[in-house]
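The block underneath contains the structure these notes are about, expressed in structure tokens.
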Amino acid sequence: MISLSKLVKTFQTRDGQVTAVDHIDLKIDKGEIFGVIGYSGAGKSTLIRLLNMLETPSSGDVVVAGKNMNKLKKKELREARQEIGMIFQHFNLLWSRTVRENIAFPLEIKGVPKEERMKKVDELIRLVGLDGRGESYPSQLSGGQKQRVGIARALANNPKVLLCDEATSALDPKTTDSILDLLVDINEKLGLTIVLITHEMHVIRKICHRVAVMENGTIVEQGNVLDVFRRPQQEMTKEFVKQVTEPEETKEAIKHLFEQDGISHVLQLTFVGGEAEKPLITNLIRSFNITVNIMQGKISQTQNGSYGSLFISVDGELSEIERAIEFIHKQKVEVEVIHSESNRLNHDLVLS
Amino acid sequence: MSQIVLTTTWFFPNVNWDNIWNATKETLYMTSVSLLLTFIFGIMLGLILFLTDRGNLWENKIIQGVTAAFVNVFRSIPFIILIVLLIPFTTFIVGSMFGPSAALPSLVIGAAPFYARMVQIALREIDKGVIEASKSMGASNMQIIFKVLLPESMPALISAITVTAIALVGFTAMAGVIGAGGLGDLAFRHGFQRSNNEVTFVATVVVLLIVFIMQIIGDRLTNILDKR
Ligand SMILES: Nc1ncnc2c1ncn2[C@@H]1O[C@H](COP(=O)(O)OP(=O)(O)O)[C@@H](O)[C@H]1O
Ligand SMILES: [Mg+2]
Numbered sequence: 648m649i650s651l652s653k654l655v656k657t658f659q660t661r662d663g664q665v666t667a668v669d670h671i672d673l674k675i676d677k678g679e680i681f682g683v684i685g686y687s688g689a690g691k692s693t694l695i696r697l698l699n700m701l702e703t704p705s706s707g708d709v710v711v712a713g714k715n716m717n718k719l720k721k722k723e724l725r726e727a728r729q730e731i732g733m734i735f736q737h738f739n740l741l742w743s744r745t746v747r748e749n750i751a752f753p754l755e756i757k758g759v760p761k762e763e764r765m766k767k768v769d770e771l772i773r774l775v776g777l778d779g780r781g782e783s784y785p786s787q788l789s790g791g792q793k794q795r796v797g798i799a800r801a802l803a804n805n806p807k808v809l810l811c812d813e814a815t816s817a818l819d820p821k822t823t824d825s826i827l828d829l830l831v832d833i834n835e836k837l838g839l840t841i842v843l844i845t846h847e848m849h850v851i852r853k854i855c856h857r858v859a860v861m862e863n864g865t866i867v868e869q870g871n872v873l874d875v876f877r878r879p880q881q882e883m884t885k886e887f888v889k890q891v892t893e894p895e896e897t898k899e900a901i902k903h904l905f906e907q908d909g910i911s912h913v914l915q916l917t918f919v920g921g922e923a924e925k926p927l928i929t930n931l932i933r934s935f936n937i938t939v940n941i942m943q944g945k946i947s948q949t950q951n952g953s954y955g956s957l958f959i960s961v962d963g964e965l966s967e968i969e970r971a972i973e974f975i976h977k978q979k980v981e982v983e984v985i986h987s988e989s990n991r992l993n994h995d996l997v998l999s
Numbered sequence: 165m166s167q168i169v170l171t172t173t174w175f176f177p178n179v180n181w182d183n184i185w186n187a188t189k190e191t192l193y194m195t196s197v198s199l200l201l202t203f204i205f206g207i208m209l210g211l212i213l214f215l216t217d218r219g220n221l222w223e224n225k226i227i228q229g230v231t232a233a234f235v236n237v238f239r240s241i242p243f244i245i246l247i248v249l250l251i252p253f254t255t256f257i258v259g260s261m262f263g264p265s266a267a268l269p270s271l272v273i274g275a276a277p278f279y280a281r282m283v284q285i286a287l288r289e290i291d292k293g294v295i296e297a298s299k300s301m302g303a304s305n306m307q308i309i310f311k312v313l314l315p316e317s318m319p320a321l322i323s324a325i326t327v328t329a330i331a332l333v334g335f336t337a338m339a340g341v342i343g344a345g346g347l348g349d350l351a352f353r354h355g356f357q358r359s360n361n362e363v364t365f366v367a368t369v370v371v372l373l374i375v376f377i378m379q380i381i382g383d384r385l386t387n388i389l390d391k392r
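Quick mapping for you: the protein sequence lines, in order, are chains D and V.
Just add 647 to the spot in the first sequence (first one is 1) and you have the numbering used here.
Just add 164 to the spot in the second sequence (first one is 1) and you have the numbering used here.
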């Protein structure tokens, strides 16, 4: 659906040349939710703005929905843009227009007749859950509602691609989640390709199928969200992954706590994929003669399964615990002995 | 009308109310026609100033420079001098340099650059992101001007035209000096030159009334339009 090749964008500034996007090659498939993550200044906004030619590339090609965007004439570009919706961090609504009029705006631009416009607007208002707010002005809406208007407006011309530039960064966590849910819903209902950029791993984790990590204008790592979570290669990726998986307290702090309390064995279970944590714990207690206590954990749902770690303390016969560990392994859950009274168990870990 | 004249002459025996009424009509005529033209030309000039500026839709250093110079020059010339300066131009356009219509060219040329600067400032206040969003939807430059720039800045444009209107009332009074008619003319010729203080006083009150009413209308409109 989207293909970038050798894409470069440099800006001329007073302090010299800034290369915001540096030879990026990227392919994004139809119907996928593709995330780009990176710290501020990495070049994410420039990259996404190159997709609809809000920035013109210094060199390289941008192909969206079969159209070579950087080779289009003015009028053709305007038509191509109508097939690409975009939402923004600060919503960018027209404050002088009501919700309905804002959503109708792209339809007016396209020259859709009034009656059809009104019908489409009603449909969209329902889709984004703004029933009854059509006659309000943006200033009368909350941030989340404003972004819903932004989404409805972006969808008005039935685009093939939706670009989201930090679409949830101005929202509180709860509102962020509801907007992300809406995006997933739209992706599934309309088969829309979504490209979103963010500096929050939480957003990637929650809705993206694939992710690219960006630094200094280049993509340093990309892949399936779960794969990247499981095996982050770059230091920076590891930092981002930590944002959503690392429990608030570090391993060391937990260790210290357990040693004090005289707890015998502590295991860290790392979930990577579909296995849900609950049946596993239940099965452990049912099948083995051990006691299990959940100490702490953070399990996140991603679009391709759950990911995260759980710290549990176990008590019982050593051989029983060893069998339990083996069982956990078989469930494709990684297990690590964080703390144990017995050297044997620690040794086992090295073997496994 | 004659009823009013009879009752009010009791307060100001030296005021000819027919003269006041005629002068008021002339002032209102000069102000409203020049205001309308100033609104149109001012917005056009303001749009050019804004759009040709750096990083904008029609970025163009030369047009920007020429327009800015024109605006600055005509905004800086004191109005009373501008009238005299424009006498040849006025005679050419209107065919005469006396009467209310003769004041119109100077009024518009004096006020439009003043208003254009305020238009430019109002347009600059528009969130760049909104213009960007419109572009991302495939809007043409004309659509951006008429569907985004003007509606989004309308409260500021109205509030600025109110200020301009009040300045214009002042200009019409000055135009009176060259025989344009209106309340300023009346106050000067009858009030000052014939030392009839009552006429000066009544003319002042009427001018103040006009200004107050315009201010109230302007504020109301701005409030109604401002949905921020
Ligand atoms: N219009 C511009 N002019 C000059 N430099 C720019 C411009 N836009 C972006 N940049 C520079 O490009 C780099 C990447 O910016 P941006 O794409 O906004 O990053 P991000 O969205 O990841 O925070 C930054 O160093 C920024 O200063
Ligand atoms: Mg950015």
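All residues carry an ideal CB built from backbone N, CA and C; glycine is no exception.
- Item | Cβ-based neighbour list, Thr195 of chain V, same chain, cut-off 7 angstroms, excluding 5 preceding and 5 following | As a position in the second sequence, residue 195 of chain V is number 31, starting the count at 1. Within the same chain, Thr195 of chain V has close Cβ partners Ala329, Leu332, Val333, Thr336.
- Sorry if obvious, but does the Cβ on Tyr686 of chain D come closer than 8 angstroms to a heavy atom of ligand 1? Position 39 of the first sequence, counted from the first residue, corresponds to residue 686 of chain D. Result yes, Cβ under 8 angstroms from ligand 1.
- Query: Hey, is the region 344 to 360 of chain V in contact with the region 181 to 197 of chain V, meaning 3+ C-beta pairs nearer than 8 angstroms?
  - Reply: yes
- Below 9 angstroms between beta carbons: does that hold for Val248 of chain V and Leu740 of chain D? Residue numbering aside, residue 248 of chain V sits at position 84 when the second sequence is read from its first letter. Residue numbering aside, residue 740 of chain D sits at position 93 when the first sequence is read from its first letter. Not closer than 9 angstroms, so no.
- Item | Endpoints, the beta strand (DSSP E) within which Ile846 of chain D is located | Start at 1 with the first residue of the first sequence, and residue 846 of chain D comes out as number 199. Rather than Ile, the amino acid found at residue 846 of chain D in this sequence is His. No beta strand (DSSP E) contains His846 of chain D, which DSSP labels as neither H nor E.
- Item | Quiz: which residues have CB nearer than 6 angstroms to ligand 2 non-hydrogen atoms | Sorted by chain position, residues whose beta-carbon lies closer than 6 angstroms to a non-hydrogen atom of ligand 2 are D:Lys691, D:Ser692, D:Glu813.
- Between Lys391 of chain V and Ser786 of chain D, which are expected to be in contact by the criterion C-beta below 8 angstroms, what is the C-beta distance as a whole number of angstroms? Here residue 391 of chain V corresponds to residue number 227 of the second sequence, with the count starting at 1. Here residue 786 of chain D corresponds to residue number 139 of the first sequence, with the count starting at 1. With 8 angstroms as the limit, Lys391 of chain V and Ser786 of chain D qualify as a contact, their Cβ atoms being about 6 angstroms apart.
- Given Arg795 of chain D as reference, the closest of D:Pro806, D:Val808, D:Ile680, D:Leu818 once Cα atoms are compared: In the first sequence, residue 795 of chain D corresponds to position 148, counting from 1. That would be D:Leu818, whose Cα lies nearest to the Cα of Arg795 of chain D.
- Message: Which of the three DSSP states is assigned to Met861 of chain D in this structure?
- Response: Counted from its first residue, the first sequence places residue 861 of chain D at position 214. DSSP, reduced to helix, strand and coil, places Met861 of chain D within a strand of the structure shown.
- Coarse secondary structure for Asp962 of chain D, derived from DSSP in three states: By one-based count along the first sequence, residue 962 of chain D stands at place 315. Of the three classes helix, strand and coil, the one that applies to Asp962 of chain D here is strand, per DSSP.
- At 9 angstroms on the CB atoms, spell out the chain D contacts of Gly293 of chain V, in chain order. One-based indexing of the second sequence puts residue 293 of chain V at position 129. In chain order: Phe735, Gln736, His737, Phe738, Asn739.
- Item | Where Ala232 of chain V falls, given that 16 or more other Cβ within 10 Å makes a residue buried | On the second sequence, residue 232 of chain V is found 68 positions in, with the first residue counted as 1. By the 10 Å Cβ count, Ala232 of chain V comes out buried.
- Query: Do we get a CB-CB distance below 9 angstroms when we pair Val283 of chain V with the residues of chain D?
  - Reply: In the second sequence, residue 283 of chain V corresponds to position 119, counting from 1. No, its Cβ sits nowhere closer than 9 angstroms to a Cβ of chain D.
- How is Tyr279 of chain V classed by DSSP in three states: helix, strand or coil? Along the second sequence, read from residue 1 onward, the residue named residue 279 of chain V stands at position 115. Here Tyr279 of chain V sits in helix by DSSP.
- Task: Can you give me the Cβ contacts of Asn940 of chain D inside the same chain, cut-off strictly under 7 angstroms, excluding the 5 residues immediately before and after it?
- Result: As a first step, residue 940 of chain D is located in the first sequence; it is residue number 293 there, counting from the start. Its chain contains Ile959, Ser960 as the residues whose beta carbon lies nearer than 7 angstroms to that of Asn940 of chain D, once the 5 sequence neighbours on both sides are disregarded; these appear in chain order.
- Beta-carbon gap between Ser300 of chain V and Asn804 of chain D smaller than 9 angstroms: The residue labelled residue 300 of chain V in the question sits at position 136 within the second sequence. The residue labelled residue 804 of chain D in the question sits at position 157 within the first sequence. Contact flag unset, no.
- Query: Taking a cut of 8 angstroms between CB atoms, which residues from the region 292 to 322 of chain V lie near chain D?
  - Reply: Closer than 8 angstroms at the C-beta level to chain D, one finds these residues of the region 292 to 322 of chain V: Gly293, Val294, Glu296, Ala297, Ser298, Lys299, Ser300, Met301, Gly302, Ala303, Ser304, Gln307, Lys311, Val312, Pro315, Glu316, Met318.
- Beta-carbon proximity of Pro264 of chain V to Ala324 of chain V, cut-off 9 angstroms: If you number the second sequence from 1, residue 264 of chain V lands on position 100. If you number the second sequence from 1, residue 324 of chain V lands on position 160. No, they are not a contact pair.
- Item | Heavy atom of ligand 1 within 8 angstroms of Asp864 of chain D beta-carbon | Indexing the first sequence from 1 puts residue 864 of chain D at position 217. A small fix is needed here, since residue 864 of chain D is Gly in this sequence, not Asp. Checking the 8 angstroms criterion, the Cβ of Gly864 of chain D is within range of a heavy atom belonging to ligand 1.
- Is the beta carbon of Glu679 of chain D less than 9 angstroms from the beta carbon of His849 of chain D? Along the first sequence, read from residue 1 onward, the residue named residue 679 of chain D stands at position 32. Along the first sequence, read from residue 1 onward, the residue named residue 849 of chain D stands at position 202. Contact flag unset, no.
- Please work out which residues of its chain come closer than 7 angstroms, Cβ to Cβ, to Ile676 of chain D, disregarding the five sequence neighbours upstream and downstream, and give them in chain order. Against the first sequence, residue 676 of chain D aligns to sequence position 29. The sequence shown places Asp at residue 676 of chain D, not Ile. Excluding sequence neighbours, Asp676 of chain D sits near Met648.
- Query: How many Å lie between Ile207 of chain V and Leu701 of chain D at the Cα?
  - Reply: By 1-based counting over the second sequence, the position of residue 207 of chain V is 43. By 1-based counting over the first sequence, the position of residue 701 of chain D is 54. Those two C-alpha atoms are separated by around 27 angstroms.
- Item | Assigned secondary structure, Gly707 of chain D (DSSP; H/G/I helix, E/B strand, else coil) | Taking the first residue of the first sequence as 1, we reach residue 707 of chain D at position 60. Strand, per DSSP.
- Cβ distance (whole Å) where Gly274 of chain V is taken to contact Ile756 of chain D below 8 angstroms: Here the question's residue 274 of chain V lines up with position 110 in the second sequence. Here the question's residue 756 of chain D lines up with position 109 in the first sequence. No, Gly274 of chain V and Ile756 of chain D are not in contact; Cβ-Cβ is about 38 angstroms, not under 8 angstroms.
- Query: Can you find a C-beta in chain D that's less than 9 angstroms from the C-beta of Arg218 of chain V?
  - Reply: Numbered from its first residue, the second sequence carries residue 218 of chain V at position 54. Against chain D, the CB of Arg218 of chain V has no partner CB under 9 angstroms away; the residue lies outside that interface.
- If you measure from the beta carbon of Ser816 of chain D to each beta carbon in chain V, is any gap under 9 angstroms? Taking the first residue of the first sequence as position 1, residue 816 of chain D is located at position 169. Not an interface residue.
- Task: Please compile the residues from chain V whose C-beta is within a distance smaller than 7 angstroms of the C-beta of Asn699 of chain D.
- Result: Here residue 699 of chain D refers to the residue found at position 52 when the first sequence is read from its first residue. By Cβ distance, chain V contributes Ser300.
- Query: Under 8 angstroms from any heavy atom of ligand 1, does the C-beta of Ala667 of chain D make it?
  - Reply: Numbered from its first residue, the first sequence carries residue 667 of chain D at position 20. Correct: Ala667 of chain D has its Cβ closer than 8 angstroms to ligand 1.
- Item | Strand pairing of Gly1004 of chain D, partner residues [DSSP] | Residue 1004 of chain D lies beyond the residue range present for chain D, which begins at 648 and ends at 999; the question has no answer from this structure.
- Among V:Met338, V:Ile244, V:Asn236, which has the Cα closest to the Cα of Tyr126 of chain V? Beyond the ends of chain V as shown, which are 165 and 392, falls residue 126 of chain V; an answer cannot be given.
- Message: Just checking Ala689 of chain D against ligand 1 - is the residue's beta carbon closer than 8 angstroms to any of the ligand's heavy atoms?
- Response: Here residue 689 of chain D refers to the residue found at position 42 when the first sequence is read from its first residue. It does: the Cβ of Ala689 of chain D is within 8 angstroms (strictly closer) of some heavy atom of ligand 1.
- Item | Own chain partners of Met165 of chain V with C-beta closer than 7 angstroms, once the 5 adjacent residues on each side are dropped | Walking along the second sequence from the start, residue 165 of chain V turns up at place 1. Bear in mind that a pLDDT of 46 at Met165 of chain V, under 50, signals an unreliable position, so the model cannot answer this.
- Looking at C-alpha atoms only, which residue of V:Glu223, V:Leu221, V:Pro269, V:Ile245 is the closest neighbour of Phe205 of chain V? Walking along the second sequence from the start, residue 205 of chain V turns up at place 41. Here the closest residue by C-alpha is V:Pro269.
- Query: Can you tell me whether DSSP reads Met733 of chain D as helix, strand or coil?
  - Reply: The count along the first sequence starts at 1 and reaches residue 733 of chain D at position 86. The answer is strand: DSSP assigns Met733 of chain D an E or B state.
- Item | Contact the region 208 to 217 of chain V vs the region 359 to 369 of chain V: 3+ CB pairs below 8 angstroms | Taking 8 angstroms as the limit for Cβ pairs, the verdict is that the region 359 to 369 of chain V does not touch the region 208 to 217 of chain V.
- Nearest-angstrom Cα separation, counted from Val230 of chain V out to Asp662 of chain D: What you label residue 662 of chain D is simply residue 15 of the first sequence in a count that begins at 1. What you label residue 230 of chain V is simply residue 66 of the second sequence in a count that begins at 1. Their backbone Cα atoms lie some 29 angstroms apart in a straight line.
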